[in-house]
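Asks: Residue numbers (the numbering used here): 44 to 486.
Beta carbons: idealized from backbone N, C-alpha and C, even for Gly.
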């Protein structure tokens, strides 16, 4: 659905050039701010700041062809057997790598969830963010994560390469992932680690000077390597954070996963906030729900320990909403900047209502909402109409490299009761309204 404003291609081209300047960097995602709605709501407090009943207002300006195409894509994804066959085909190198397989993927899921194959194509939509990935080999991240966990259990251990950063572990963290003392880093590994430290440090000033946010690092999809990656991000943020609390300049932004592993998410979050306040640094966090729950559960089972994943989906929702409320209070105090990345309508409603209760202005740059392209468009548009700042993430890249991403999105939207069911309901309601208006002349 085309819900993003257009900006000149030179905007994205500038950031694409920055990414090419570092061979290890890959521009993978752009974040697009939605244009302010002419129906933007006032700042008055309400128990339900987000409204979905008036679909004419919600989808104002959206072409009917776009709504039909979106509904068709989501409806196809809701058919479980069809998704199963499609994802099995995409996992087959012979099919996914063939010209026919790529063409089929490009015409269906790729078109719905991705902005294009190149930075130039994505620039035809908009861009205000670049994501720099592949900072460090996964094997090295895993090894240094092991050492960080072992040091928490044995504080006498000296890690000469460890630098000043915010805490990334707590007593409730999954220390069982490191059951025995790991070997020290070799000289070559320490040099590689220093290069990983330097990459975001070199890019930071250039991107900050361009007045656009940068999401640094690669998303690690399994627990053993995640802690070292967070340490890299925290260090880069502290090096480039010049503002004091209350400063409106660019905050240190680092990703926090309150859902994976969720049982210790709040402990880690509070420890990070306390450390940032002690350093008088505005901590920037992107709050997302956890993923890859089955993998985490299997890993815990193989080690004979309880799963770190919450037992019910409601527990995960409560964890996310609690972390969001905690951070919104810090935004009010001027201690934090937060991006609430969620496709859950209830979480969006609760966060928007809480922000209004706390008196956080909708125009405050330290509160942002975000969703993925092709996901939760109804929530994105409602947040925009209410006056909040909201962005859509637009992944782009060659079809064969995006296939793992497409499989994850397809699985998330699989089934009639999937995350897309609410959007499908809104789209059908609006399309019926438009047909009645065109045929009868009234709704």
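1. Can you check DSSP and say which residues form a bridge with residue 410?
2. So, helix, strand or coil for residue 160, using DSSP?
3. Just the C-alpha distance for residue 151 and residue 207, rounded to the nearest angstrom, thanks.
4. Give the C-beta separation of residue 410 and residue 391 to the nearest angstrom, bearing in mind that I take them to be a contact with Cβ-Cβ under 8 Å.
5. Can you tell me whether DSSP reads residue 179 as helix, strand or coil?
6. In chain order, what residues of the same chain have a beta carbon less than 8 Å from the beta carbon of residue 199, not counting five sequence neighbours either side?
7. Roughly how far, in whole angstroms, is the beta-carbon of residue 117 from the beta-carbon of residue 463, given that I think they are within contact range, below 8 Å?
8. Identify the continuous alpha helix (DSSP H) that holds residue 140 and give its terminal residues.
9. Check whether the region 465–481 touches the region 178–185, counting contact only when three or more Cβ pairs, one atom from each stretch, lie closer than 8 Å.
10. Quick check on DSSP: helix, strand or coil for residue 49?
11. At the level of alpha carbons, what is the spacing between residue 106 and residue 309?
12. Taking the straight line between their C-alpha atoms, what separation do you get for residue 465 and residue 147?
13. For residue 445, which residues in the same chain have their Cβ closer than 7 Å to its Cβ, ignoring the five residues on either side in sequence?
14. Going by C-alpha distance, which of 403, 307, 364 is nearest residue 377?
15. Which same chain residues, not among the five before or five after residue 314, have their C-beta less than 6 Å away from its C-beta?
16. Within the continuous alpha helix (DSSP H) that includes residue 211, where are the two ends?
17. With three or more beta-carbon pairs closer than 8 Å as the criterion, would you say the region 383–399 touches the region 420–435?
18. Taking Cβ positions, are residue 436 and residue 413 nearer each other than 8 Å?
19. Compute the Euclidean distance between the alpha carbons of residue 91 and residue 160, then round it to the nearest angstrom.
20. Between residue 189 and the rest of its own chain, which residues show a CB-CB distance below 6 Å, the 5 nearest in sequence each way excluded?
21. Report yes or no: do three or more beta-carbon pairs, one from the region 346–360 and one from the region 315–329, lie closer than 8 Å?
22. From residue 330 to residue 429, what distance separates their C-alpha atoms?
23. Between which residues of its own chain and residue 368 is the CB-CB distance below 8 Å, once the five residues before and five after are set aside?
24. Within 10 angstroms of its Cβ, does residue 197 collect 16 or more other Cβ (buried), or is it exposed?
25. Which class does residue 205 belong to by DSSP, given the choice of helix, strand or coil?
26. Taking residue 109 as part of the alpha helix (DSSP H), name the residues at either end of that continuous run.
27. Could you please give the first and the last residue of the uninterrupted alpha helix (DSSP H) stretch that includes residue 350?
28. Run the CB neighbour count on residue 399, radius 10 Å, all protein chains shown included, and call it buried at 16 or more, exposed below.
29. Assuming residue 364 contacts residue 120 under a Cβ cut-off of 8 Å, what Cβ separation, rounded to an integer in Å, is found between them?
30. For residue 393, which three-state DSSP category applies?
31. Taking DSSP as the reference, what is the three-state secondary structure of residue 403?
32. Taking only the alpha-carbon atoms, compute the straight-line gap between residue 231 and residue 342 and give it to the nearest angstrom.
33. Rounded to whole angstroms, how far is the Cβ of residue 442 from the Cβ of residue 149, which I believe are closer than 8 Å?
34. Apart from the five residues on each side of it in sequence, which residues of its chain come closer than 7 Å, Cβ to Cβ, to residue 431?
35. Considering only the alpha carbon of each residue, which of 217, 380, 179 lies closest to residue 240?
Replies: Working from what's here:
1. As a working mapping, residue 410 is identified with position 367 in the chain shown. For residue 410, which the question treats as bridged, DSSP gives the partners 381.
2. Here residue 160 corresponds to residue number 117 of the chain shown, with the count starting at 1. Of the three classes helix, strand and coil, the one that applies to residue 160 here is coil, per DSSP.
3. Taking the first residue of the chain shown as position 1, residue 151 is located at position 108. Taking the first residue of the chain shown as position 1, residue 207 is located at position 164. If I take the Cα positions, the gap works out to 47 Å.
4. Position 367 of the chain shown holds residue 410. Position 348 of the chain shown holds residue 391. Residue 410 to residue 391, Cβ: 12 Å. No contact.
5. Position 136 of the chain shown, counted from the first residue, corresponds to residue 179. Looking at residue 179 - three-state DSSP - the assignment turns out to be coil, as it is neither helix nor strand.
6. For the purposes of this step, residue 199 is taken as the residue at position 156 of the chain shown. Counting only Cβ-Cβ distances below 8 Å, and skipping sequence neighbours, we find nothing.
7. The residue labelled residue 117 in the question sits at position 74 within the chain shown. The residue labelled residue 463 in the question sits at position 420 within the chain shown. The Cβ separation is near 5 Å, so the contact holds.
8. The count along the chain shown starts at 1 and reaches residue 140 at position 97. Segment: none, residue 140 is in no alpha helix (DSSP H) and carries neither H nor E.
9. Inter-segment contact for the region 465–481 and the region 178–185 is absent: fewer than three beta-carbon pairs are separated by less than 8 Å.
10. Locating residue 49 in the chain shown gives position 6, where the first residue counts as 1. Because residue 49 carries a pLDDT of 34, less than 50, the predicted location of this residue cannot be relied on, and the following value inherits that uncertainty. In the three-state reduction of the DSSP assignment, residue 49 falls in the coil class.
11. Here residue 106 refers to the residue found at position 63 when the chain shown is read from its first residue. Here residue 309 refers to the residue found at position 266 when the chain shown is read from its first residue. When rounded, the distance between both Cα atoms is 42 Å.
12. The sequence position of residue 465 within the chain shown is 422, counting from 1. The sequence position of residue 147 within the chain shown is 104, counting from 1. Those two C-alpha atoms are separated by around 26 Å.
13. Looking up residue 445 in the chain shown gives position 402. Excluding sequence neighbours, residue 445 sits near 153, 157, 438.
14. To locate residue 377, count along the chain shown from 1; it is residue 334. That would be 403, whose Cα lies nearest to the Cα of residue 377.
15. Position 271 of the chain shown, counted from the first residue, corresponds to residue 314. Within the same chain, residue 314 has close Cβ partners 210, 213.
16. Numbered from its first residue, the chain shown carries residue 211 at position 168. No alpha helix (DSSP H) contains residue 211, which DSSP labels as neither H nor E.
17. yes
18. Residue numbering aside, residue 436 sits at position 393 when the chain shown is read from its first letter. Residue numbering aside, residue 413 sits at position 370 when the chain shown is read from its first letter. The answer is yes: Cβ separation under 8 Å.
19. Residue numbering aside, residue 91 sits at position 48 when the chain shown is read from its first letter. Residue numbering aside, residue 160 sits at position 117 when the chain shown is read from its first letter. Across the structure, residue 91 and residue 160 are spaced so that their CA atoms are roughly 39 Å apart.
20. Within the chain shown, the letter at position 146 stands for residue 189. These residues qualify, in order along the chain: 221, 225.
21. The region 346–360 makes no contact with the region 315–329: fewer than 3 CB pairs, one atom from each, lie closer than 8 Å.
22. One-based indexing of the chain shown puts residue 330 at position 287. One-based indexing of the chain shown puts residue 429 at position 386. Approximately 21 Å, taken between the alpha carbons.
23. Taking the first residue of the chain shown as 1, we reach residue 368 at position 325. Only 393, 394, 397 meet the Cβ criterion.
24. Residue numbering aside, residue 197 sits at position 154 when the chain shown is read from its first letter. It counts as exposed.
25. Mapped onto the chain shown, residue 205 falls at position 162. The three-state reading of DSSP puts residue 205 in coil, since its state is none of H, G, I, E or B.
26. Indexing the chain shown from 1 puts residue 109 at position 66. Unbroken alpha helix (DSSP H) run through residue 109: 107–120.
27. By 1-based counting over the chain shown, the position of residue 350 is 307. Counting along the chain, residue 350 falls outside any alpha helix (DSSP H), and DSSP gives it neither H nor E.
28. For the purposes of this step, residue 399 is taken as the residue at position 356 of the chain shown. Label assigned to residue 399: buried.
29. Numbered from 1 along the chain shown, position 321 holds the residue referred to as residue 364. Numbered from 1 along the chain shown, position 77 holds the residue referred to as residue 120. In fact, because the Cβ distance is near 26 Å, the residues do not count as touching under 8 Å.
30. In the chain shown, the residue the question calls residue 393 occupies position 350. Of the three classes helix, strand and coil, the one that applies to residue 393 here is helix, per DSSP.
31. What you label residue 403 is simply residue 360 of the chain shown in a count that begins at 1. Three-state result, residue 403: coil.
32. Taking the chain shown and counting its residues from 1, the one referred to as residue 231 is at position 188. Taking the chain shown and counting its residues from 1, the one referred to as residue 342 is at position 299. When rounded, the distance between both Cα atoms is 29 Å.
33. Residue 442 sits at position 399 when you count from the first residue of the chain shown. Residue 149 sits at position 106 when you count from the first residue of the chain shown. Yes, they are in contact, since the Cβ atoms of residue 442 and residue 149 sit about 5 Å apart, within 8 Å.
34. The residue you call residue 431 lines up with position 388 of the chain shown. Only 395, 405, 412 meet the Cβ criterion.
35. Sequence index remark: in the chain shown, residue 240 carries index 197 (1-based). If we check each option's Cα against that of residue 240, 179 comes out closest.
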